[in-house]
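Read through the structure below, which is laid out as structure tokens, and then see the notes.
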């Protein structure tokens, strides 16, 4: 009955918004006559007419009416509207991957409540699934009581995120840290942990003896000693013992039944310190030694009570803004879109705005904040602010404050979540209880500490959230967010499905891929097989190692990188520039790295230079297009440019790189097949081969879906199956009718492609139709070039203010990043990866993981002056203004993560070599009418977003 009670109270908490609330049926309260406090609270339900008061009492009712009052709770459940009706964002959706039965897994994905799966998913055999659902339900309710205390919420969420039962140290951390913040949270967590006695897998070893087969007994013991999560253990036992978990079998009866071994000891044995490498990345950004030391302590010792001191000394310290924003990126990365909030409804329908914490917990947290503040005092870690009755004094403004601090809108320039100073002063001037102010307290002085910023691009202007969004539901659907909220299990990452599916009926707009945490105590996940740069466990700032995310779900195969002296400044023009600082020199973008100034290689126009003879190309080369292919796989417009970029005459040949045949010299062995694999290498430590030698695969992974189109226009489930069939690859993705016949196009990288699909497969956007025969300007001040004779296609969206990528001829409606990168680091990554080259394609594939909107995708190339140019572009053939805005916001987000060296991006190799980014975004003239009708939602991923429709299908 405990679980039933928990589920009822959870839905009381979150689902009262499904329809207007009415008073509770008074007949239910007859079940509470034996408990006066419960009877009194229940009777109030029958008389309250105010919706807000009714919601408030529903939240508090479990503290008056204990769970054992079965009849009362069942009556409330059946008579209160909205209780039995489930929200669209069902918390059980993220648990579906834990289902053992395929039928149950499929049913779970299509369900909207636990009741919908009960016929197919039996509790006795689907224990991990139901356990996960219950945890999610209780976690959403319990952690919402944390209010504004982010760290308390973080400890709370750690209880519910883990796949295994919570440990003593996790429970103690919540009790010790949250006791001064929320008694309700502690009561809620205690209620949950009592339902799930802490057990180690080895406590169930006695069940292995009940297996009939000897090999199953041995496998059972091995699995329980080596695996930690319920899901891993169940899957392992099914595989090794060769049977489904049937309750009539003695071993399974032992595991799934109610029998329990002796209780474990009350105290957990001491464990070594646990790391959070994602947070540890941030510690070098501290400006004070105190906060740096505390940051390292909380990042290397999970459960440390240093968090309390850190909150008081560093969380609101204006000189530690960079550190606090970095930690916020790790805890709650900025995500595009907000919807389905029941209390903070003015934040809904905002698909192109960035938020850190748009979820049910924060929505309830804002409501709880208002309740606490209604008592007349706002409690902060380092001060208390006395206020008047906020229910009467500017209530809408206070609600906007509570919701803003909980939902946390992001801004690219700051990424901090503070309201603007003028709003803070205004609201405290009118509603602060000045009679109770401490000596010296004034609205201005309080706000100087809490909200010192008044730039609307760096703070949260409350007026934006005093009214609902102006966007309607039909327009909002033009931009989708398949990973927000996260539909995946806690040990999987959610990614936009850009590959498409072979079976359209079961196709999902997202993929759940296995991941690794950045340390034992981290909740930050990276994709399996990813290579990650993390700070060394013991070493000075600037010492890192590169690790791989292994199939075990942990970082492994770590190799040390050369340490960087982060204390060594750069001396530029007589001025000191500290490590990591970006600056300008003439027209160059520069960054200080370990005492060395790394700058772009742009051609600058000097004051005494004749503008008419300035080409803007490297070394002042003429803009004639006589292409050469260099040893890095990049086509340069002339030998002059190639030489200027450091290539010797023997390191390039005349002609386009992609028109050469890398297999002509038969570089492979007799039993292998040579396949052209064109690439542009950023590393020059190793060779940059343009081919692969492969044997015919004996078998392909049938579960791997990565559609590939061959030169005959036939679709294959994966490149492996294409090779097995003896076919040649035309391009990755679904075969497209528009690309069945060759129709040459010129890419932004100066390469000629046979079809637009071939260009997109190479992650290159198209400049113009026909073969490449001109090079565009590299500078805004360059005169007209040979591009003047190029007929450019019309822009994809009328009224768009486009960008023109460097070296390109035609403008494009997209947002553009020009990224300065460190070749020395790129070469180090190549050495550590067995001399495998680092390519432009590698970089773009990792960057794609950071774009969360299916209506936008990543394209890019290495410019002829060796900056990395990245385009975030709409994939619709005629993108709407909202979709273009979404792509601009995605670009702003990535630009900010690069320039602030956020570990959420720069911990990924090879993105770790990024030093600086410059951003140009496209926008739509506001005078234009409504945008073109979008394609049906979801069509792109069903067709294979890679090829379905991209911004440069203007030309097709």
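Residue numbers (mature numbering (1 follows the signal peptide of the UniProt record, and there is no 0)): -23 to -1, 1 to 933. All C-beta atoms in this analysis are idealised placements derived from N, C-alpha and C, irrespective of residue type, glycine included.
| query | result |
| --- | --- |
| Per-residue DSSP class, three states only, for residue 798 | strand |
| Distance CB(residue 313)-CB(residue 473) smaller than 9 angstroms | no |
| Distance cut-off 8 angstroms: residue 855 Cβ against heavy atoms of the ligand NAD | Ligands are entirely absent from the displayed structure, and the ligand NAD is therefore not among its contents. |
| Alpha-carbon to alpha-carbon, residue 500 and residue 423 | 34 angstroms |
| Pair within 9 angstroms by beta-carbon distance, residue 751 and residue 733 | no |
| DSSP-derived helix/strand/coil call for residue 686 | strand |
| Close-in-space but distant-in-sequence residues of the same chain around residue 306 (CB under 6 angstroms, 5 per side omitted) | 879, 881 |
| Close beta carbons around residue 347, own chain, < 8 angstroms, minus the five adjacent residues each side | 367, 375, 376, 379 |
| The segment 403 to 410 / the segment 461 to 479 touching (three or more Cβ pairs under 8 angstroms) | no |
| Cβ-Cβ separation, residue 655 to residue 727 (assumed contact under 8 angstroms), whole Å | Not really, about 13 angstroms apart at Cβ, beyond 8 angstroms. |
| Beta-carbon spacing of residue 819, residue 828 below 9 angstroms | no |
| Proximity below 9 angstroms, CB of residue 506 to CB of residue 526 | yes |
| Span separating the alpha-carbon of residue 382 from that of residue 438 | 12 angstroms |
| Proximity below 9 angstroms, CB of residue 297 to CB of residue 335 | no |
| For residue 436 and residue 784, the rounded distance between their alpha carbons | 37 angstroms |
| Bridge-paired residues (DSSP) for residue 508 | 525 |
| Span of the beta strand (DSSP E), counted from its first residue to its last, around residue 767 | Here residue 767 belongs to no beta strand (DSSP E), and DSSP marks it neither H nor E. |
| Contacts around residue 688, its chain only, beta-carbon distance under 8 angstroms, and the 5 residues preceding and following it disregarded | 704, 705, 706, 707 |
| Unbroken stretches of the alpha helix (DSSP H), 4 residues or longer, contained in the segment 278 to 365 | 283 to 287, 298 to 308, 337 to 350 |
| Start and end residues, beta strand (DSSP E) containing residue 851 | 845 to 851 |
| Residue 821 versus 815, 212, 836, residue with shortest Cα-Cα distance | 836 |
| Segment contact, 8 angstroms Cβ cut-off, at least three pairs: the segment 506 to 517 with the segment 250 to 260 | yes |
| Distance CB(residue 493)-CB(residue 536) smaller than 9 angstroms | no |
| Inter-residue Cα distance where the pair is residue 696 and residue 516 | 43 angstroms |
| With 16 other Cβ atoms within 10 Å as the buried cut-off, status of residue 643 | exposed |
| Other residues of its chain near residue 651: CB distance less than 8 angstroms, five sequence neighbours each side excluded | 639, 640, 643, 644, 645, 668, 669, 670 |
| Through-space distance from residue 21 to residue 27, alpha-carbon basis | Low confidence applies to residue 27: its pLDDT is 47, below 50, so where it sits in the model is not reliable enough to give any reading. |
| Three-state secondary structure assigned by DSSP to residue 116 | helix |
| Option in 73, 184, 293 with minimal Cα separation from residue 126 | 293 |
| Cβ-based neighbour list, residue 148, same chain, cut-off 6 angstroms, excluding 5 preceding and 5 following | 170 |
| Identity of the residue in 477, 743, 844 nearest residue 771 by Cα | 743 |
| Straight-line Cα distance separating residue 262 from residue 299 | 6 angstroms |
| Residue burial classification, residue 755 (beta-carbon count within 10 angstroms, cutoff 16) | buried |
| Any C-beta of chain D under 9 angstroms from that of residue 891 | Structure shown: chain D not included; a single protein chain is present. |
| The segment 890 to 898 contacting the segment 787 to 798, beta-carbon criterion three pairs below 8 angstroms | yes |
| Residue 323 versus residue 441: straight-line alpha-carbon distance, rounded | 9 angstroms |
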